[in-house]
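*Asks:* Here it is, the structure, as structure tokens.
Residue numbers (our numbering): 1097 to 1185.
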């Protein structure tokens, strides 16, 4: 949840452009936002594939794992790799 709030807050932030410099340094915040969003999308896809591998083939198990990976992809990845018995694969 915290990572999703961070991304939505990042999208709503207004960046102030500097008028003192003539170079392209004012484009850096938008590039940083694009890189962070790309990393977040990679994290989401990684957690979805990990959830599909870790869950059993029953619909209840898949639903619980997919719900957990959408709620917090970082927490899901940490728990799937570090908690013994969480992911039997």
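Here a beta-carbon is modelled for each residue, glycine too, at the ideal position from N, C-alpha and C.
Going straight from the alpha carbon of residue 1154 to that of residue 1147, what length do you get?
*Replies:* Taking the straight line from one Cα to the other gives about 13 Å.
*Asks:* Using only CA atoms, which one of 1173, 1182, 1149 and 1160 lies nearest to residue 1139?
*Replies:* Answer by Cα proximity: 1173.
*Asks:* If you drop the 5 nearest sequence neighbours on each side, which residues of the same chain put their C-beta closer than 7 Å to that of residue 1161?
*Replies:* Closer than 7 Å at the Cβ level, and outside the excluded window around residue 1161, lie 1147, 1150 and 1151.
*Asks:* For residue 1127 and residue 1182, I'd like the C-alpha separation in whole angstroms.
*Replies:* Straight-line Cα distance between these residues: approximately 37 Å.
*Asks:* If residue 1143 sits next to residue 1169, beta carbons under 8 Å apart, how far is it from one beta carbon to the other, in whole angstroms?
*Replies:* With a Cβ gap of about 4 Å, residue 1143 and residue 1169 count as contacting.
*Asks:* For residue 1188, which residues of its own chain have a beta-carbon under 7 Å away from its beta-carbon, when the five flanking residues on both sides are left out?
*Replies:* Residue 1188 lies beyond the stretch modelled for the chain, which goes from 1097 to 1185, so this question has no answer here.
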